[in-house]
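Each residue of the sequence shown is one higher than the last, beginning at 845 in the numbering used here.
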Amino acid sequence: MKAVILVGGLGTRLRPLTCNTPKPMIPLANRPFIEHMLLRLQEQGIEEVILAVRYLADQFRETLGDGSRLGLRVHVMEEAEPMGTAGAVKNVEHMLDGDTFIFNGDILTDLDLRAMLAFHQSKGSKTTIALTPVDDPTQFGLVEMNTENRVQRFLEKPRAEDVRTNLINAGTYIIHADMFRYVPPNQHYMFERGLFPVLLQTGDPMFGYPTRNYWTDIGRPHNYLEVNHDILIGRIQVPFPGREVRNRIWIDGETQIDDDVQLVGPLVIGAGVHIARGANIIGPTVIGARCHIGPNVTIEDAVLWEENRLEEGVSLRRCVLGRGNTVKSGTVITDGAIVSDHCQIGAENRLERGIRLWPESVIQDQSISF
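As structure tokens, this is what we get:
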């Protein structure tokens, strides 16, 4: 069976982490998010995947190749112009036949795809939408169904008094290729405001598939940190790179860990990492490949991408560092702060309250106490 993953967005909500990296390529537990998706699809019987890409397409090609490393056939199809969700699939319609899984490229879920497909087939459905419950339905587009789970209405960000369900579109669909005859070619066209309302009018069978599986949108900074935590504490099961060297501590490849280092899991540590004497690394924390963690550094509840260098006495708590940053001695980064790529942060600074540093920012010594 085939699948299409919609990965054409610019990831603006997740900036500055997505300034140099497409959102589906950002790492979760030291593996690109798109690889987690593809591995899960392969496990559930998907054989061929089409990536509808617009932003930084070469990174997908370089990382994934033809997909054979992951046990799949992967095609990277680049859009010249933004086509919208349904328009992007229309653009690859010639590659589809029969029922096709379609995924938003920023959703992490452990949805049982085989069970969803069985439901779809048992209903004689042409379009099936996975649905997930939320605590505050007024912030989302709701999907109302009858007692047979046939979709009756879409309601966008309703008033509290109009809410009759807490089920929202979970960004996973099974759609028969025939349904794309309703999508105009070479136009920006959406599922939510275009194709799905049309299908209500035409009467083509469209059903909702409620699920209580793990589901989250990685596309916001606070969500990104939480998703890494959920993975490390086991709320959703994904394969970690490397091996578990002790209870809840995974190390990928050769590392240098000096004496008098405290490691408290859950931790994922990449290849080529050096952790110097007196450092305290407390989970849930991810340290990317080739990072240097200096003496007496404290890291707790944080995510570091590759090739970061932390000098003596740096303290990181509940923050994210992108690639290739240098943080000088005594600096504290905490409280949801996000540092993008290749930043130079001088000594004795304090970055907190969700501050964001854009790529190649330079902060002089003792210049920020935010």
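The beta-carbon is built from N, C-alpha and C at its ideal position, and this holds for glycine as well.
According to the neighbour-count rule (16 or more other Cβ atoms, all chains shown, within 10 Å of its Cβ), is residue i buried or exposed?
i, result
"I1077", "exposed"
"T1046", "exposed"
"E1098", "exposed"
"G1132", "buried"
"N990", "exposed"
"K867", "buried"
"A1216", "No information on residue 1216 is available, as it lies outside the stretch 845 to 1214 that the chain covers here."
"G1168", "buried"
"R1003", "exposed"
"T856", "exposed"
"D950", "buried"
"H938", "exposed"
Tell me which residues share the same chain as residue i and place their Cβ nearer than 6 Å to its Cβ, disregarding the 5 neighbours each side in the sequence.
i, result
"D941", "A1021"
"Y1068", "I1062"
"Y1053", "M960, F963, T972 and A974"
"G1190", "K1172, I1207, Q1208 and D1209"
What residues match up with residue i in a beta bridge as DSSP calls it?
i, result
"V978", "Answer is none; V978 lacks a bridge partner."
"P1054", "L975"
"M927", "Beta-bridge pairing links M927 to no other residue."
"Y1017", "I946 and I973"
"S966", "The partner list for S966 (beta bridge, DSSP) is empty, contrary to what the question assumes."
Whole angstroms is fine: what's the gap from residue i's alpha carbon to residue j's?
i, j, result
"T982", "Y1058", "21 Å"
"C1163", "M1023", "44 Å"
"I943", "R1025", "Residue identity differs from the one stated: residue 943 is Asp in this sequence, not Ile. Distance between the alpha carbons of D943 and R1025: 14 Å."
"V1105", "V1206", "30 Å"
"P1203", "D1185", "5 Å"
"D1209", "F1084", "37 Å"
"S1213", "N948", "39 Å"
"A930", "V936", "10 Å"
Please check the pair residue i and residue j, which I expect to be a contact at CB under 8 Å, by giving their CB distance rounded to whole angstroms.
i, j, result
"L1201", "V1183", "5 Å"
"I1012", "T976", "6 Å"
"N1072", "V1147", "5 Å"
"V1027", "K934", "4 Å"
Which same chain residues, not among the five before or five after residue i, have their C-beta less than 8 Å away from its C-beta?
i, result
"M869", "P876, F877, I878, L900, Q903, F904 and T907"
"I890", "M845, K846, A847, L916, F945 and L957"
"D1048", "K970, T971 and M1023"
Any Cβ of chain C within less than 7 Å of the Cβ of residue i?
i, result
"E906", "The structure shown contains no chain C; it holds only a single protein chain."
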